[in-house]
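What follows is a short report on a single structure.
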Amino acid sequence: MDEEKESLVDRGILKVLGAWLLVHERADDLIREVIKEGKRTPEEARDFMDELSTRVDEEKEEIKREMGEVTRRFLKETGREAGLIAREDLQALMERIDSLEKRIDELEGEMKIKRGKK
Numbered sequence: 116m117d118e119e120k121e122s123l124v125d126r127g128i129l130k131v132l133g134a135w136l137l138v139h140e141r142a143d144d145l146i147r148e149v150i151k152e153g154k155r156t157p158e159e160a161r162d163f164m165d166e167l168s169t170r171v172d173e174e175k176e177e178i179k180r181e182m183g184e185v186t187r188r189f190l191k192e193t194g195r196e197a198g199l200i201a202r203e204d205l206q207a208l209m210e211r212i213d214s215l216e217k218r219i220d221e222l223e224g225e226m227k228i229k230r231g232k233k
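Just so we're on the same page, the working numbering is the position in the sequence shown counted from 1, plus 115.
The structure is reproduced here in structure tokens:
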């Protein structure tokens with residue numbers, strides 16, 4: 116793997132880890148704030164924890180998406196270097212081949228008709 120790809124992977128991993136750390140730091144800050152205030156009713160505390168849990172879940176999903184994107188880009192580039200072709204590219208080539216084969220068949224048919232007229 117060349118340095119550019121290693122750098123891409125490293126940046127992606129660092130970005131994901133950084134986001135994860137920020138989420139947890141923010142959660143810790145919010146928990147400390149609630150404890151410090153000590154003015155929450157049990158129901159408010161439950162609501163707060165539910166909201167916090169929702170935020171953490173949303174951030175976790177975003178981190179998963181970002182990590183998946185970094186992984187996909189890395190695998191695509193690595194595959195290209197290895198001479199592999201992406202599934203979408205293969206499908207496009209197969210469709211093009213089918214189209215060309217049909218056109219060849221049409222032209223052969225036209226040639227037979229023209230030969231028959233001579």
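By construction, the Cβ of each residue, glycine as well, lies at the ideal position given by its N, Cα and C atoms.
None of the values given here were measured: they were computed from a predicted structure.
Here the alpha carbon of residue 118 sits roughly 34 Å from the alpha carbon of residue 171. Taking C-beta atoms under 8 Å as the contact rule, residue 167 and residue 142 qualify, at a distance of about 6 Å. Considering only 174, 226, 227, the residue with the shortest C-alpha distance to residue 139 is 174.
Between residue 181 and residue 130 a beta carbon distance of about 7 Å is seen, short of the 8 Å cut, so the two are scored as contacting. Within the same chain, and ignoring the five residues on either side of residue 177 in sequence, the residues whose Cβ sits closer than 8 Å to its Cβ are 134.
Residue state for residue 200 is assigned as coil, using DSSP reduced to three classes.
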